[in-house]
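Remarks on the structure that follows.
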RNA sequence: GGCCCGGUAGUUCAAUGGAUAGAAUAGAAGUUUCCUAAACUUUAGAUACAAGUUCGAUUCUUGUCCGGGCUACCA
């Protein structure tokens, strides 16, 4: 149990014991970290009880404080300041905490339970490469999955590939027309980029054709329908749906190029998936559900034969589920896929990492499944995140303002190289080690930048300003970690020592402020890890890790380990920094960020 | 129009209803005979507006203003 939880429980028990006739509930007890300007470590807020117990703050505070001092081993003293009971935690508590946990590589993790959760993330289209917005999705999905895993859940990472549809045919048509058989091999262009180039080519040609038709006096709306290249794309889609062999061949070839490109990017990003779903396999799945819904009377048919659900009673609109020609729409296939996922893994929870522009869609999806009586409905959770925008607004592929993911990765690696050389920190590394270090720093900075913000808030990225490597960044945390590793190397102490090295830590000297503050924040990690899972917010871990690194840097400045005042202090400080490094590694690892031992 | 989300230092972000709203950057001023100065120390600067609930509101409620999203027989 974390210290805060222990204090809450102790205070609740104490108040119940002291005032048996009053109705004290756990929710009334608030425990915060004591503000630095007051003496103490944790604070119990007395205000909620003053009226209830008809007590003055000073009287109640000293009653409660004395009781806690007597009945628990936790505290060495207390002070009451205007309605706040400030408790000081015993030094011996911190000492035994460090001894018990310093070499626990799983500190803060929960024991495995039988709760199955799927996290679907990335979910790209196969007609263009990944862009900066995808990166937020990918890092968020990966980190949330890892955080849920660390909290004892059984997690399946899933990726739903949007591999069919008119947008895919657009790239294919343009490739047929203009590529002269160009492939990633013959051009040296990464597959997803090559396909993306022809998607752009399609749009250019389309624009030209529409303009030409308009020049011949056609109305704009008409011209947009009549443009030959668009009609070709639509014809190709019909052929695809009819399983035309040539079209399917081309489709498989071009998608193959894209997958190879995506795999390279995923590998560089350090993310993975347990299960791939392909829309070409699942896009017909929802139709049975619609059939059943019609029979149950949940859905209705309009005069032209299209199928709808009426959600007006729930404050939403009518929603189309099958077109008049019987073909399915996006929602239809999502219904089917939701059921498929549920049946595949017997999921308790199914998390969709999708941008907030689809809030309405996801709300409707869950509601329809509920009305259809599907058991998968309750577990559906939309992890909605704000989109990454440019200072000028949204990224638009048509306007060429999209920041490409691969470019961004390269740019970050280049930047970390430049900064490392500028700081003159390249000595003592092999060329290979340096390459790896630049990648660790560059990708770390990128991930941290995108994860440190509350997911639901939209964020603005200015490509003209490079992502910082100073301040509230992964680099700061990596540097603190590298410093610790350096000390341990010099002390001949392993990074992950076994417990025999620190059998008994006697405490004849009081802890300094710096030592105590570091121990205090280390102890909070399990609570932070739990909160990150509950809120599904990796930013919680980023904030915590930064704060811990900051505390360490400040500690490092004021305390020598090599020249500690005595052996006892040296041992204590070694325990502190070993555990600091271990927790930083753990927290950042969950975010997909590596910490170098030297930088 | 309707529905949803956001508005905190110049900028980018924090703050289970709790003390004088924290950081980081950019600005100003310092720290290297000492374990990595990618660091540390000091300094200045903000809750869009107005009511309400409360002992106490950045947080909850309502209204106004500003920004974004959604509201397709597109995906």
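Numbering (the working numbering), first residue to last: 15 to 613.
The C-beta atom is built at its ideal place from N, Cα and C for all residues, glycine as well.
For a cut-off of 8 Å, the C-beta gap from residue 158 to residue 361 is around 15 Å, too long to register as a contact. Assignment of alpha helix (DSSP H) within the segment 248 to 321, counting only whole runs of 4 or more residues, yields 259 to 283, 293 to 296, 300 to 310 in chain order.
Annotation for residue 166: no beta strand (DSSP E) segment contains it, and DSSP assigns it neither H nor E. In chain order, 131, 133, 159, 162, 163 place their CB closer than 7 Å to the CB of residue 169, counting only its own chain and leaving out the 5 sequence neighbours on each side. Within the same chain, 212, 213, 215, 216, 219, 243 come within 8 Å of residue 188 by CB-CB distance, once the 5 residues on both sides are set aside. Under the three-state reduction of DSSP, residue 339 is assigned to coil, being neither helix nor strand. Looking at the DSSP output, residue 473 shares a beta bridge with 402. When rounded, the separation of the alpha-carbon atoms in residue 156 and residue 352 is 20 Å. Taken through DSSP and simplified to helix, strand or coil, residue 123 comes out as coil. Short of 6 Å from the beta carbon of residue 254, and not among the five residues preceding or following it, lie these beta carbons of its own chain, in chain order: 261. Segment contact: the segment 44 to 57 against the segment 101 to 114, three or more CB-CB distances shorter than 8 Å; contact assigned. Secondary structure in the segment 515 to 579: the alpha helix (DSSP H) runs of 4 residues or longer, each lying completely within the stretch, are 527 to 537, 539 to 549, 553 to 572 in chain order. The segment 494 to 503 and the segment 468 to 479 do not touch, with fewer than three beta-carbon pairs separated by less than 8 Å.
Assignment of residue 393 by DSSP, reduced to helix, strand and coil, places it in the coil class. In this structure, residue 139 sits away from residue 369, with a CB-CB distance that is not shorter than 9 Å. Residue 599 sits in a helix when the DSSP states are folded into three classes. The Cβ atoms of residue 429 and residue 495 do not sit closer than 9 Å to each other.
Look at residue 85 here: in three-state DSSP terms it is helix.
Secondary structure at residue 150: helix, using DSSP grouped into helix, strand and coil. A Cβ-Cβ separation of about 18 Å leaves residue 467 out of contact with residue 145 under the 8 Å criterion.
For residue 466, no beta strand (DSSP E) run applies, since DSSP gives it neither H nor E.
When the five nearest sequence neighbours on each side are left out, the beta carbons in the same chain lying within less than 8 Å of the beta carbon of residue 404 are those of 415, 417, 474, 475, 476, 477, in order along the chain.
Judged by beta-carbon spacing, residue 318 lies beyond the 9 Å limit of residue 350, meaning their Cβ atoms are not closer than that value. In the DSSP assignment, residue 101 falls within the unbroken beta strand (DSSP E) covering 98 to 103.
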